[in-house]
Amino acid sequence: MYQPIENWISLDRDTSPTTASTNLYNALVAAGAKPVNLGQGREIVELPLLQKLTIEAFEQAIKGGKLLHSKYGAPSAELNAASAAWLKRIMNVDAVKDATFTLENQGRGGLYAAFHLLASLAGFRKDGRVVVPDTSWPMVSDQLDDFQLKPALYTMARGRYADHIRAQLEAHGEAIVGVYVNSPHNPTGTLLTGADFEQIFAVLNAANSGAALERRGGRKIGLVMDNPYPHAAPEIVRGGQRGLDTGLDSFRQDQATPWIMPVSASKFFGTAEPGFTMVATHAAYAKRLSARLMRSVGIGFFSPYFRALTATLQAASDTAVLDHFATLRAKYIANRTALKTALGTAVVDGDPGMTALVTIDPQDFEGRLLPGRDGRHFPIDDLNDAIEYLANRHGVITVNNGIDGAGRALLRLAAAEEPANYRKGIDRLAAGFAEMREAPRRNEPSKARVAAEP
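Next comes the structure, spelled out in structure tokens:
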């Protein structure tokens, strides 16, 4: 059983949900607690090959007396070319070196630049909308807000993505500036197939031609494919070459619909700090996107680290990288199995990967009175209160993913923890909600409220 510490750490409601949960975890650990982190959706296992190459590159820089002057170099054409070749070889994306960029940043930096580009091409119109899934990473809505863009929600339903995207295009007409797709989907883990993407491109290509295109004055609707967890896709062999079956074959330079694809390699290499993102794009967007990456993100290179990354992306390293991905997938499969065993139908449909989504009946926690700090009861009025309570009293960190169309609360869970620790976290989560369901409500008789106080 988890033993909570005396200190009570509050959840910051004024920051984004993922940042709030991450800060809560760090504060609890600093105070001596031992929570299980099911909140942060980044890999905690680093790629051993990249570790080795990075150490060697830093040692060479130190010996050569160049470490202090290696931070802000020019964008590396060699690394961009290696990234484009890797995306083509491993994921079958039609990435080309002149339209592929690299950032010392997490994937959100590339996504931010993509939304900035779409908003600017539409003249930052006040009614501008981006078609996004009805369940999304909380950061997506935050970034859209920065550019006064509103979401047009399409239903995440297997095999029907293109139909639901088309419905939003028809509903909002010229206000649509772009479409956002995420696969494997954050937070459900759902992996879109090659057929799904072909159908999505068919819908967008139709919208980007003829009279529809003329009504927008020639401005095309862009497609943003956010790709932080491609390593969760199963392996495939293409022409004798091992790769990932990500279904991204439709992302070609000859598509009528221009596209942008941030690939957060820091997620699958376990290097969220300092970060590394590859951004492949359609040639039509290359020049504009490059300018926005420089302005909105800032491309600062730590040369030894990027030399190590360039070596890691070479074909000679593919076996080590893909074997590492296979190890991570085995962990995700084990963790999702444990999650479904514990929570059953509360787990939203998806595939094994870094993230999963769980539904909670608000009646399980709203208005409950539970033991809090300093001998006082802790009232739970919303999902943020529940998340704060679970972290402090049960030692498990989760992320608020909002409310679904049926009024159910949504918790996003990350699967980076090793299986034994992940199962411990899921057990703590289940125990916490079991306690909440049994607790008296604030609107029950005063006798019940008194009984709730420790």
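Each number in our numbering corresponds to the 1-based position in the sequence shown with 420 added.
All C-beta atoms in this analysis are idealised placements derived from N, C-alpha and C, irrespective of residue type, glycine included.
Keep in mind it's a predicted model, so treat the numbers as computed, not measured.
ask   = Under the three-state reduction of DSSP, which class applies to Leu-821: helix, strand or coil?
value = The sequence as given places Asn at residue 821; Leu does not occur at that position. Three-state result, Asn-821: strand.
query = Do you know how far the Cα of Asn-446 is from the Cα of Ala-685?
reply = 23 Å
query = Could you give the residue range of the beta strand (DSSP E) that holds Ile-800?
reply = 797-800
request  = Assign Ile-464 to one of two classes, buried (16 or more other C-beta atoms within 10 Å of its C-beta) or exposed (fewer than that).
outcome  = exposed
Neighbourhood of Ala-502 by C-beta distance below 6 Å, restricted to the same chain and skipping five residues each side = Thr-730, Leu-733
key: Integer-rounded CB distance, given that Thr-555 should sit under 8 Å from Leu-830   = 7 Å
ask   = Are the beta-carbon atoms of Leu-458 and Glu-855 separated by less than 8 Å?
value = no
query = Which one or two residues does DSSP pair with Gly-642 in a beta bridge?
reply = Gly-598
request  = Just mark Gly-630 as buried or exposed, buried being the case when its beta carbon has 16 or more other beta carbons within 10 Å.
outcome  = exposed
message = For Ser-716 and Val-599, what's the separation of their Cα atoms in angstroms?
response = Reliability fails at Ser-716, whose pLDDT of 49 lies under 50, so the model's placement of it is uncertain and the value that follows must be treated cautiously. Rounded to the nearest angstrom, the two C-alpha atoms are 21 Å apart.
task = For Phe-544, name the three-state secondary structure that DSSP assigns.
result = coil
Alpha-carbon to alpha-carbon, Lys-546 and Arg-433 = 27 Å
key: Per-residue DSSP class, three states only, for Ala-829   = strand
ask   = Are the Cβ atoms of Leu-470 and Thr-697 separated by less than 8 Å?
value = no
Other residues of its chain near Gly-852: CB distance less than 6 Å, five sequence neighbours each side excluded = Leu-810, His-814
key: Bridge partner(s) assigned by DSSP for Glu-655   = Leu-664
query = How many Å lie between Glu-858 and Ile-800 at the Cα?
reply = 13 Å
request  = Check whether the region 556-565 touches the region 608-621, counting contact only when three or more Cβ pairs, one atom from each stretch, lie closer than 8 Å.
outcome  = no
Check whether Pro-455 and Ile-817 have beta carbons under 8 Å apart = yes
query = What are the start and end residues of the alpha helix (DSSP H) that includes Met-856?
reply = 839-858
query = From Ala-736, Ala-704, Ser-603, Gly-822, pick the residue whose C-alpha is nearest to that of Arg-509; which is it?
reply = Ala-736
ask   = Buried or exposed: which applies to Pro-772, given that a residue is buried once 16 or more other Cβ atoms fall within 10 Å of its Cβ?
value = buried
request  = Could you spell out the range, first to last residue, of the beta strand (DSSP E) harbouring Trp-679?
outcome  = 679-683
message = I'd like the span of the alpha helix (DSSP H) that includes Val-449, first residue to last.
response = 437-450
key: Inter-residue Cα distance where the pair is Ser-514 and Leu-668   = The sequence shown places Asp at residue 514, rather than the Ser named in the question. If you take the alpha carbons of Asp-514 and Leu-668, they lie about 9 Å apart.
key: Helix, strand or coil at Tyr-574 [DSSP, three-state]   = strand
key: First through last residue of the alpha helix (DSSP H) which encompasses Thr-610   = Thr-610 -> no alpha helix (DSSP H), and no H or E assigned at all.
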